[in-house]
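Student: In my numbering, the protein residues as written are 10 to 366.
Built from N, CA and C at the ideal position, the CB exists for glycine as well.
Got a structure here, written out as structure tokens. Questions coming.
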Amino acid sequence: MIYAVIMAGGRGTRFWPLSRAAKPKQLLKIVGTRTMIQATVDRLAPVASPDHILIITGAAHFDEIKSQLPEIPEENIIAEPVGRNTSPCIALAAKIIKERDPGATMCVFPADHIITKADKFINAVKSVVNELETIPGALATMGIRAVYPETGYGYIRRGEKIAPSIYKVDEFLEKPDTATAKKYSDSGDYYWNSGMFFWKVESILNELDACLPELMKAMEDIECGSGPPGLKTSLETVYPRLPSISIDYGVMEKAGASGKALVIEADPGWSDVGSWRSLYELTEADAKGNRSRGGLITIDSSGVLAHNDKRLVAIVGVDDIIVVETDDAILILNKDRAQDVRQITDRLRELGKEIYL
Numbered sequence: 010m011i012y013a014v015i016m017a018g019g020r021g022t023r024f025w026p027l028s029r030a031a032k033p034k035q036l037l038k039i040v041g042t043r044t045m046i047q048a049t050v051d052r053l054a055p056v057a058s059p060d061h062i063l064i065i066t067g068a069a070h071f072d073e074i075k076s077q078l079p080e081i082p083e084e085n086i087i088a089e090p091v092g093r094n095t096s097p098c099i100a101l102a103a104k105i106i107k108e109r110d111p112g113a114t115m116c117v118f119p120a121d122h123i124i125t126k127a128d129k130f131i132n133a134v135k136s137v138v139n140e141l142e143t144i145p146g147a148l149a150t151m152g153i154r155a156v157y158p159e160t161g162y163g164y165i166r167r168g169e170k171i172a173p174s175i176y177k178v179d180e181f182l183e184k185p186d187t188a189t190a191k192k193y194s195d196s197g198d199y200y201w202n203s204g205m206f207f208w209k210v211e212s213i214l215n216e217l218d219a220c221l222p223e224l225m226k227a228m229e230d231i232e233c234g235s236g237p238p239g240l241k242t243s244l245e246t247v248y249p250r251l252p253s254i255s256i257d258y259g260v261m262e263k264a265g266a267s268g269k270a271l272v273i274e275a276d277p278g279w280s281d282v283g284s285w286r287s288l289y290e291l292t293e294a295d296a297k298g299n300r301s302r303g304g305l306i307t308i309d310s311s312g313v314l315a316h317n318d319k320r321l322v323a324i325v326g327v328d329d330i331i332v333v334e335t336d337d338a339i340l341i342l343n344k345d346r347a348q349d350v351r352q353i354t355d356r357l358r359e360l361g362k363e364i365y366l
């Protein structure tokens with residue numbers, strides 16, 4: 010049986026000022042009429058029923074997610090008392106799923122990505138899930154072919170082909186500089202790391218035990234089979250002392266080195282919408298490449314994105330900028346500096362202006 014795990018604990022700091030601590034990116038309608046987490050649940054319908062979807066989120070967002078997703082059983086919305094990156098999140102979900110179905114296949118998805126080709130996405134998920142039945146211990150990820158030199162993503166170098174569109178992983182690579190990213194995209198042997206993962210629940214728990222024994226030892230005190238009250242109490246006790254470590258660094262890089270990691274090549278119209286530049290690329294443009302969510306007037310300007318719900322934005326004689334308007338903040342930035350928005354949130358924290366976070 011397939012269980013889908015949706016990781017919904019991110020802060021979306023590169024989407025400030027729209028994304029805030031109280032309501033981060035995954036809870037917003039960034040594209041379309043559904044919030045990002047609602048759209049994620051919608052697209053999983055062909056492979057996972059609501060009672061087989063687990064959502065791991067922060068305690069502060071539990072009520073909002075419950076409100077946005079009434080079809081998900083309340084006991085399937087798990088609130089982490091503090092954020093500890095993706096390894097503890099995935100380990101927690103795996104332990105809960107094992108209590109329900111020790112033979113389950115576990116598929117892990119971020120809550121805040123966009124998929125525009127739903128059929129191709131579902132076909133890829135089904136293909137890799139089927140392949141997991143034939144390769145004991147395999148840990149798989151979905152790779153998006155690197156069609157241009159993107160420096161904001163991690164990369165995967167593919168190895169031996171073992172099935173249609175499925176390869177062994179030779180290496181997981183950190184976010185590159187521009188020259189290295191161009192080399193990767195020109196090669197044809199590299200994929201963007203989508204952050205979507207697939208494995209048998211037993212396989213990921215075995216690998217977590219081998220790669221992160223201290224984490225798993227600490228998590229033994231979490232009462233995954235005791236129901237919501239017991240689970241909540243044990244999480245509040247255990248989680249603050251867990252290490253913060255990503256699943257890529259903690260497990261997948263080691264699995265790649267040992268030959269256990271697989272990558273399925275897919276073209277599902279994917280974007281992690283990781284910055285305002287990403288949203289620019291996803292928004293319909295006029296003849297001069299100007300794009301807007303609200304009212305926009307431009308004169309002698311091109312390559313502009315305005316994300317504004319209430320006030321008109323007018324741009325004269327300026328190219329390649331992004332303007333974001335909210336009730337209490339306005340962001341103006343060069344389109345090529347979109348990855349640096351996080352520096353604004355860092356500065357606000359340094360200045361004690363948490364009210365804007």
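Is leucine 182 near glycine 163, with beta carbons less than 8 Å apart?
Tutor: Position 173 of the sequence shown holds residue 182. Position 154 of the sequence shown holds residue 163. Taking 8 Å as the Cβ cut-off, leucine 182 and glycine 163 qualify as a contacting pair.
Student: Touch check for the region 122-139 and the region 19-33: three-plus C-beta pairs under 8 Å?
Tutor: no
Student: Could you check if asparagine 5 is buried or exposed, using at least 16 other CB atoms within 10 Å of its CB as the buried criterion?
Tutor: This structure cannot speak to residue 5, because the chain is shown only from 10 to 366.
Student: Which first and last residues belong to the beta strand (DSSP E) in which proline 222 is found?
Tutor: As a first step, residue 222 is located in the sequence shown; it is residue number 213 there, counting from the start. That residue, proline 222, is in no beta strand (DSSP E); its alpha helix (DSSP H) goes 222-227.
Student: Would you say lysine 129 lies against chain D (beta-carbon separation less than 8 Å)?
Tutor: The structure shown has no chain D; it contains just one protein chain.
Student: Mind pulling the alpha helix (DSSP H) runs of 4 or more residues that sit fully within the region 21-80?
Tutor: 45-52 and 71-77
Student: In terms of DSSP beta bridges, what is isoleucine 171 paired with?
Tutor: Here residue 171 corresponds to residue number 162 of the sequence shown, with the count starting at 1. Partner(s): none; isoleucine 171 has no beta bridge.
Student: DSSP on isoleucine 364, reduced to helix/strand/coil?
Tutor: The residue given as residue 364 occupies position 355 in the sequence shown. In this structure, isoleucine 364 counts as helix in the three-state DSSP scheme.
Student: Given glutamine 77, which residues of its chain have a CB within under 8 Å of its CB, disregarding the five upstream and five downstream residues?
Tutor: Residue 77 sits at position 68 when you count from the first residue of the sequence shown. The beta carbon of glutamine 77 sits closer than 8 Å to those of Leu36, Thr44, Ile46 and Gln47, all from its chain and outside the five residues before and after it, given in chain order.
Student: Any idea what DSSP makes of aspartate 337, helix, strand or coil?
Tutor: Translated into the one-based positions of the sequence shown, residue 337 becomes position 328. Of the three classes helix, strand and coil, the one that applies to aspartate 337 here is coil, per DSSP.
Student: Of the residues Glu159, Glu290, Val322 and Val50, which one's Cα is nearest the Cα of tyrosine 376?
Tutor: Since the first residue of the chain shown is 10 and the last is 366, residue 376 is not available in this structure.
Student: In angstroms with no decimal places, state the Cα-to-Cα distance between serine 280 and lysine 184.
Tutor: By one-based count along the sequence shown, residue 280 stands at place 271. By one-based count along the sequence shown, residue 184 stands at place 175. Roughly 16 Å between the two C-alpha positions.
Student: The alpha helix (DSSP H) with valine 322 in it runs from where to where?
Tutor: Numbered from 1 along the sequence shown, position 313 holds the residue referred to as residue 322. Element bounds for valine 322: not the alpha helix (DSSP H) but the beta strand (DSSP E), 322-325.
Student: Terminal residues of the continuous alpha helix (DSSP H) containing lysine 104?
Tutor: Within the sequence shown, the letter at position 95 stands for residue 104. First-last of the alpha helix (DSSP H) with lysine 104: 95-109.
Student: With respect to the beta strand (DSSP E) encompassing serine 203, which residues constitute its N-terminal and C-terminal limits?
Tutor: What you label residue 203 is simply residue 194 of the sequence shown in a count that begins at 1. Counting along the chain, the beta strand (DSSP E) containing serine 203 begins and ends at 199-209.
Student: Quick one: any contact between the region 166-178 and the region 105-121, if contact means 3 or more CB pairs under 8 Å?
Tutor: The region 166-178, when compared against the region 105-121, does not touch it at the 8 Å Cβ threshold.
Student: Considering only residues of the region 223-309, which uninterrupted beta strand (DSSP E) runs meet the minimum length of 3 residues and lie entirely inside it, listed in chain order?
Tutor: 270-275 and 305-308
Student: For cysteine 220, which residues from the same chain have a beta carbon less than 7 Å from its beta carbon, with the 5 sequence-adjacent residues on both sides left out?
Tutor: Residue numbering aside, residue 220 sits at position 211 when the sequence shown is read from its first letter. Hits under 7 Å: Gly259, Val260 and Lys263.
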